[in-house]
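Chains as they are written, first to last, in this note's numbering: chain L, 1 to 74; chain G, 1 to 170.
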C-alpha cells in the first residue's frame, strides 16, 4: 500500500478532474492518493465524483489559504 | 401495455453517458468538445464522440496539412482542411494566426491546450467514432485516423450507442 501525491492547485477545469482520475487509475487497490486542490469547483467536486466512482474519501482538510488536502483510497 | 413495456418505461435510464456529435472542425469548438468529453469521462461518464464532416480533421493521423484521401479532389480538399494543428478558430481567425495566439494564451494561463485535451481523452478511454458517410465523401480510410479511433459508424449505430444519455451537437 503506498501514497501518491498530486498537486492540482495550478490546474483548471477539466484537468483538475482529469489528472485526479488518471492518477487514481494508475494506483493499486488500497493505495492512497493525496490531492492538493483549491477551493471552489475542485474542492466541491473532486471528493464527490471520487465517491460516486466507488473510491473512498478518507479525509478533506484545510492546508493553507485556499489550499485543501483530500485523501482518496482506491 | 405489456409488463415488459411497462418495465422498460419505469426502468431508470443511466444518466452517466454523454455523446457528442463533433461536426465543426473549428479550434474553439473542438476545445469545447474535448473539454466536455474529458471532464465527463473524468467524473465517471461513459463518453462517445462521433466525428463527422469537418470534425473528422480533429482525429486525422496527420495533424498538419497533408494530401490525405483517395482521388484528386479529396486529396486537395484534405490538404486545405488539414488536421488538428491547422484547425481555424470560428471567428477572427486572421489567416490562421488566432489559433497560435490561443495556444500561447492557454499555455501561459495554465489551461489545457487542445492537443493536451485530445491526449487526455485518449488516456481516459473516451470512445471516438468516425462517420462512415463523411469519410466516404472525403475519400478517407480508417487508417487515415489515429489508432484510438474505435470504429466507423452510421447513424443507426450512433443512436444505439447514445441511447439513454445526453447528446450534444458541436
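Just so you know, even glycine gets a beta-carbon here, dropped at the ideal spot from N, CA and C.
Asked                                                                                                                                                                                  : Found
For residue 45 (chain G), count neighbouring C-beta atoms within 10 Å of its own C-beta (all shown protein chains included) and say buried if the count is 16 or more, exposed if not. : buried
What whole-angstrom Cβ distance do residue 29 (chain L) and residue 74 (chain L) have, given they're in contact under 8 angstroms?                                                     : 5 angstroms
Quick one: give me the first and last residue of the alpha helix (DSSP H) that residue 102 (chain G) is part of.                                                                       : 97 to 108
So which residues on chain G does residue 53 (chain L) lean against when the C-beta distance must stay under 8 angstroms?                                                              : 43 and 44
Tell whether a beta-carbon distance below 8 angstroms holds between residue 52 (chain G) and residue 23 (chain G).                                                                     : yes
Is the CB of residue 20 (chain L) under 8 angstroms away from at least one CB in chain G?                                                                                              : yes
Less than 8 angstroms between the beta carbons of residue 18 (chain L) and residue 38 (chain G), yes or no?                                                                            : yes
Could you tell me the distance, in whole angstroms, from the CA atom of residue 147 (chain G) to the CA atom of residue 25 (chain L)?                                                  : 21 angstroms
Under the three-state reduction of DSSP, which class applies to residue 138 (chain G): helix, strand or coil?                                                                          : coil
Using a Cβ-Cβ cut-off of less than 7 angstroms, list which residues of the segment 95 to 127 of chain G approach chain L; keep chain order.                                            : 110, 111, 112, 120, 123 and 124
Just to make sure I have the definition right: I need the residues of chain L whose C-beta is within less than 8 angstroms of the C-beta of residue 39 (chain G). Which are they?      : 13, 14, 17 and 18
With DSSP as the reference, identify every bridge partner of residue 73 (chain L), one or two as the case may be.                                                                      : L:32 and L:56
CA-CA distance, residue 17 (chain G) and residue 165 (chain G)?                                                                                                                        : 5 angstroms
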